[in-house]
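Visitor: Residue numbers (my numbering), protein chains in the order written: chain Z, 1 to 77; chain U, 1001 to 1235. Ideal Cβ placement from N, Cα and C applies to all residues, glycine included. Sharing a structure here in structure tokens format.
Okay, here's the thing in structure tokens:
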């Protein structure tokens, strides 16, 4: 039964190949997107951290995004 | 309404949506795959090779839908000059390109056992290849042109010209004699696909749409951070 399922009546290579290529491509795009997002979050958080205390406080008060990125970044480290 | 569309509010909702999609995605994927690979019946003519349809057809639909939305949004950008629109189109384009390429590749794999050939220069396949070239043109504009306003304009023109190709793809199987079969699923009129195959197809489509939403939100979030990072001195 498992052999029948894997062979897909002789079309196994085509069927499994199609699904494998699709999920490999989707996985790769997900990985690349996540990696780029994390890189930008890290760089943005680092740039905020490098600011003087007053500037940093002003940035966090003026930008919700900056404070969110900073808090999520500090959670991951 | 406009307050809701503010980048800070959007950013908050994007984070929530990403978490929600991540939490349900794998369960839905497992269900959809079970239907596509186990529970759906083989075709009386094509046998089990018909299962390729469950990745090929949703990929083609997503490729077409993504480009249509990019083109319509680009047209809106030309008229209303809303910067946010360009962030959206830039985030959609790589997803659309990947699914267009997947439609071409899985279609080619399906073509070998069905038609006896990997490739044919038939109207549907060629017009899909042209769509992939429009996507490549749209994406490379941002890589090649440093001036962002100029890149926005050129990419918008590419997208609007590319819109002409969408009805050509859709009706190519009716207008010309093609190797590719006519549409089995019609929004208006009766579909010729059996419900036992339509259900897994729609399930796979839904799961891949969720995946697209996830990637789109992550890319859109990256674009927002990139802009905030660039304008850090002004904050």
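Given this structure, state the Cα-to-Cα distance separating residue 1161(U) from residue 1142(U), to the nearest angstrom.
Guide: Answer to the nearest angstrom: the Cα atoms are 17 Å apart.
Visitor: When we look at the beta-carbon of residue 1197(U) and count the other beta-carbons within 10 Å, is it buried (16 or more) or exposed?
Guide: Label assigned to residue 1197(U): buried.
Visitor: Whole-angstrom Cβ separation of residue 37(Z) and residue 1222(U), contact assumed at under 8 Å?
Guide: With 8 Å as the limit, residue 37(Z) and residue 1222(U) qualify as a contact, their Cβ atoms being about 5 Å apart.
Visitor: From residue 1168(U) to residue 1015(U), what does the alpha carbon distance come to, in whole angstroms?
Guide: Looking at the two C-alpha atoms, the distance is approximately 38 Å.
Visitor: Give me, in chain order, the residues of the same chain whose beta-carbon lies closer than 6 Å to that of residue 1058(U); leave out the 5 immediate sequence neighbours on both sides.
Guide: Closer than 6 Å at Cβ, skipping near neighbours: 1204, 1205, 1208.
Visitor: Going by DSSP, what residue range makes up the alpha helix (DSSP H) through residue 1124(U)?
Guide: Per DSSP, residue 1124(U) belongs to the alpha helix (DSSP H) from 1123 to 1144.
Visitor: For residue 1181(U), which option in 1114(U), 1102(U), 1148(U) has the closest C-alpha, if you only look at C-alpha atoms?
Guide: Of 1114(U), 1102(U), 1148(U), the residue nearest in Cα terms is 1114(U).
Visitor: Taking only beta-carbon positions, decide if residue 1015(U) is within less than 9 Å of chain Z.
Guide: At least one chain Z Cβ lies under 9 Å of residue 1015(U).
Visitor: What residues from the segment 30 to 53 of chain Z come within 7 Å of chain U, judged by C-beta to C-beta, listed N to C?
Guide: Within the segment 30 to 53 of chain Z, the residues whose Cβ lies closer than 7 Å to some Cβ of chain U are 30, 33, 34, 36, 37, 40, 41, 43, 44, 47, listed in chain order.
Visitor: Residue 1012(U) CB to nearest chain Z CB: under 9 Å?
Guide: It does: the Cβ of residue 1012(U) has a partner Cβ on chain Z nearer than 9 Å.
Visitor: So, for residue 1127(U): in the same chain, excluding its five sequence neighbours on each side, which residues have a beta-carbon less than 7 Å away from its beta-carbon?
Guide: The residues are 1165, 1168, 1169, 1172.
Visitor: Rounded to whole angstroms, what's the CA-CA distance from residue 1060(U) to residue 57(Z)? Just pull it up for me.
Guide: Roughly 49 Å separates the two Cα atoms.
Visitor: When the cut-off is 9 Å and only beta carbons count, does residue 3(Z) lie next to chain U?
Guide: It does not; no Cβ of chain U falls within 9 Å.
Visitor: Counting C-beta neighbours from all protein chains within 10 Å, is the total for residue 1082(U) 16 or more, i.e. buried, or is it exposed?
Guide: Answer is exposed; the Cβ neighbour count stays below 16.
Visitor: Cβ closer than 7 Å: which chain Z residues qualify as neighbours of residue 1048(U)?
Guide: Ordered by position in chain Z, the residues that pass the 7 Å Cβ test against residue 1048(U) are 8, 9, 11, 15.
Visitor: Would you say the segment 1023 to 1041 of chain U touches the segment 1102 to 1111 of chain U, given that touching needs at least three Cβ pairs under 8 Å?
Guide: The segment 1023 to 1041 of chain U, when compared against the segment 1102 to 1111 of chain U, does not touch it at the 8 Å Cβ threshold.
Visitor: Can you find a C-beta in chain Z that's less than 9 Å from the C-beta of residue 1100(U)?
Guide: Closer than 9 Å: no.
Visitor: Count the other C-beta atoms from every protein chain shown that fall within 10 angstroms of the C-beta of residue 1051(U), then say buried if there are 16 or more, exposed otherwise.
Guide: When all chains shown are included, residue 1051(U) counts as buried.
Visitor: Which residue comes first and which comes last in the alpha helix (DSSP H) that contains residue 1113(U)?
Guide: It spans 1083 to 1115 - the alpha helix (DSSP H) in which residue 1113(U) sits, taken as one unbroken run.
Visitor: Reducing DSSP to helix, strand and coil, say where residue 1189(U) ends up.
Guide: Note: residue 1189(U) maps to coil in three-state DSSP.
Visitor: So is residue 33(Z) buried or exposed if we call it buried at 16+ other beta carbons inside 10 Å?
Guide: The residue is buried, with at least 16 neighbouring Cβ atoms inside 10 Å.
Visitor: Specify, as a first and last residue, the run of the alpha helix (DSSP H) that residue 1051(U) falls within.
Guide: Careful: residue 1051(U) lies outside any alpha helix (DSSP H) and carries neither H nor E.
Visitor: DSSP state of residue 1152(U), grouped into three classes?
Guide: Here residue 1152(U) sits in helix by DSSP.
Visitor: Using a threshold of 9 Å, state whether the C-beta atoms of residue 8(Z) and residue 1192(U) are closer than that.
Guide: No, Cβ-Cβ distance for residue 8(Z) and residue 1192(U) is not below 9 Å.
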